[in-house]
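Undergrad: Those protein sequences? They're chains P and E, same order as listed. Position 11 (the first sequence) corresponds to 11 in the UniProt record's numbering; numbering is contiguous. Position 30 (the second sequence) corresponds to 30 in the UniProt record's numbering; numbering is contiguous. The C-beta atom is built at its ideal place from N, Cα and C for all residues, glycine as well. Nothing here was measured: the structure is a model prediction, and the numbers come from that model. Handing you a structure now.
2 protein chains.
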Amino acid sequence: MKVRKIPLNLNCGLDLIGEVLYGKWKIRLLWFIHEGHKRPSELHRKIPDASRRVLNMQLKELEEHGLISKIIYPVVPPKVEYSLTDFGKSLVPVISALGNWGDENQDRLRYVIMQASESWPAK
Amino acid sequence: MKVRKIPLNLNCGLDLIGEVLYGKWKIRLLWFIHEGHKRPSELHRKIPDASRRVLNMQLKELEEHGLISKIIYPVVPPKVEYSLTDFGKSLVPVISALGNWGDENQDRLRYVIMQASESWPAK
DNA sequence: TTGCATAGGGATAAATTTTTCCCTATTGCA
DNA sequence: TGCAATAGGGAAAAATTTATCCCTATGCAA
């Protein structure tokens, strides 16, 4: 059972958005859903480095937080589609801002990230 | 020694920005430094829920990633001041966008976060 | 002399997140 | 029959992050 021993910080807007976006794959899930990749298997193919399990868990949290909605089609084999709620859509410009900054500074970011990880002694 | 067993994902802008901003207190550190709280002790007072230790570690990473710079004054008691580099300053509008969305949706966010945590069974 | 403020790091413990492995079920295809 | 695709969850291990505790050092004030 998931019980939090360290209380959440919910003081300001940054804390609050952190709470719903903090998760290794959440922002990318939102982005790919925004781009029209709706089915879990599609999302998994777009994000092959994540385990199926954690994608399911993060999708569930995004749904509980009202950012995405889920439609289950009663067919076999199962078919599920996610889409952004209006609330989730209101986040799209914010995610764009993040992604654009990352794209614009991509060379520099790659460099500093590599540089920093060299100081992690090997083995 | 910090050795990563799961490789980083550095495919797109979102991955890259995630790598430098992912850390429980990093965004808030950047924000408070941007607001002029420069000394480690001030930052710790602004973020009392974080341990001193982890603030130091995250400040160090922000510095290694070139987002902040550090000046050590050779005085006793020690004095250290952080400030945003130009690279870090270029992130300010992005962090604003995050914080503003959080502020604008603060009531709703508080509600959904509480709602979701109720489904974590007690005990 | 004791205590506080300053800054920071090592070692270890705890908490949290993510991965891995294995299971359910059904239809269609070779 | 055996395997793939579909969606998803339990249990446990592994990885990672964060917290806790204790230590260094100096000058100032009560």
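1) For A97/P, tell me which candidate among V54/E, L10/E, G18/E, R4/E has the shortest Cα-Cα distance.
2) Taking DSSP as the reference, what is the three-state secondary structure of S83/E?
3) Kindly give me the distance between the Cβ atoms of Y82/E and K38/E, rounded to whole angstroms, as I take these residues to be in contact under 8 angstroms.
4) Can you round the beta-carbon distance between L29/P and L59/P to whole angstroms, since I take them to be within the 8 angstroms contact cut?
5) If I measure Cβ to Cβ from residue 124/P and keep anything under 8 angstroms in the same chain, skipping five residues before and after, which residues do I get?
6) Could you tell me whether the segment 87-107 of chain E touches the segment 6-20 of chain P, where touching means 3 or more Cβ pairs closer than 8 angstroms?
7) Would you say Q106/E faces chain P, with C-beta separation under 8 angstroms as the test?
8) Please classify K5/E as buried or exposed, where buried requires at least 16 other C-beta atoms within 10 Å of its C-beta.
9) With a threshold of 7 angstroms on Cβ separation, who are the neighbours of H65/P within its own chain once the five nearest residues in sequence on each side are excluded?
10) Quick one: using the 10 Å Cβ neighbour count with 16 as the cut-off for buried, is G36/E buried or exposed?
11) Give me the DSSP bridge partner(s) of S69/P.
12) Let me make sure I understand the geometry here. Which of I68/E, P40/E, P74/E, V75/E has the alpha-carbon closest to that of F87/E?
13) Going along the chain, which residues of its own chain have a beta-carbon closer than 7 angstroms to the beta-carbon of L109/P, five neighbours each way excluded?
14) Where do the ends of the alpha helix (DSSP H) carrying N100/E lie?
15) Using a Cβ cut-off of 8 angstroms, which residues of the segment 42-60 of chain P contact any Cβ in chain E, in chain order?
16) Does chain P have any CB closer than 8 angstroms to the CB of V92/E?
17) Verify the CB distance criterion: does D86/E have a CB-CB separation below 8 angstroms to chain P?
18) Is there a C-beta anywhere in chain E that falls below 8 angstroms from the one on H34/P?
19) Helix or strand or just coil, what does DSSP make of A122/E?
20) If we call anything under 8 angstroms between Cβ atoms a contact, is I95/P one with I27/P?
21) Taking C-beta pairs closer than 8 angstroms, name the residues in chain E that G66/P reaches, listed in chain order.
22) For Y111/P, collect the residues of the same chain with a Cβ closer than 7 angstroms to its Cβ; drop the 5 residues on either side in sequence, then sort them by chain order.
23) Please confirm if L16/E has its CB atom under 8 angstroms from at least one CB of chain P.
TA: According to the structure shown:
1) Here residue 97/P is taken as the residue at index 97 of the first sequence, counted from 1. That would be G18/E, whose Cα lies nearest to the Cα of A97/P.
2) One-based indexing of the second sequence puts residue 83/E at position 83. It is a strand residue.
3) Counted from its first residue, the second sequence places residue 82/E at position 82. Counted from its first residue, the second sequence places residue 38/E at position 38. The Cβ separation is near 5 angstroms, so the contact holds.
4) Here residue 29/P corresponds to residue number 29 of the first sequence, with the count starting at 1. Here residue 59/P corresponds to residue number 59 of the first sequence, with the count starting at 1. Sure, about 6 angstroms apart at Cβ, within 8 angstroms.
5) Look at the range of chain P in this structure, 1 to 123, and you will see that residue 124/P is not part of it.
6) Judged by Cβ distances under 8 angstroms, the segment 87-107 of chain E makes contact with the segment 6-20 of chain P, as three or more pairs qualify.
7) By one-based count along the second sequence, residue 106/E stands at place 106. Output row for Q106/E: interface = yes.
8) The residue labelled residue 5/E in the question sits at position 5 within the second sequence. Exposed, because fewer than 16 other Cβ atoms sit within 10 Å of the Cβ of K5/E.
9) Along the first sequence, read from residue 1 onward, the residue named residue 65/P stands at position 65. Cβ within range, chain order: V20.
10) As a first step, residue 36/E is located in the second sequence; it is residue number 36 there, counting from the start. G36/E is exposed by the Cβ-count criterion.
11) The count along the first sequence starts at 1 and reaches residue 69/P at position 69. Looking at the DSSP assignment, S69/P forms a beta bridge with S83/P.
12) The residue labelled residue 87/E in the question sits at position 87 within the second sequence. Answer by Cα proximity: I68/E.
13) Along the first sequence, one-based indexing puts residue 109/P at 109. Around L109/P: G102.
14) As a first step, residue 100/E must be located in the second sequence, where it is residue number 100. Secondary structure note for N100/E: its alpha helix (DSSP H) is the uninterrupted segment 92-104.
15) D49
16) Your numbering for residue 92/E matches position 92 in the second sequence. No, because no Cβ of chain P sits closer than 8 angstroms to the Cβ of V92/E.
17) One-based indexing of the second sequence puts residue 86/E at position 86. Chain P contact via Cβ: absent.
18) Translated into the one-based positions of the first sequence, residue 34/P becomes position 34. No, H34/P does not count as interfacial toward chain E.
19) The count along the second sequence starts at 1 and reaches residue 122/E at position 122. With a pLDDT of 39 at A122/E, under the threshold of 50, the predicted position of this residue should be treated as unreliable, and no value is reported.
20) Locating residue 95/P in the first sequence gives position 95, counting from the first residue. Locating residue 27/P in the first sequence gives position 27, counting from the first residue. Yes, Cβ-Cβ distance for I95/P and I27/P is below 8 angstroms.
21) On the first sequence, position 66 is the one that residue 66/P refers to. Chain E residues near G66/P: R108, V112.
22) For the purposes of this step, residue 111/P is taken as the residue at position 111 of the first sequence. Once the five neighbours on either side are set aside, Y111/P has no close Cβ partner at all.
23) Counting from 1 along the second sequence, the entry for residue 16/E is found at position 16. By this cut-off, L16/E is an interface position.
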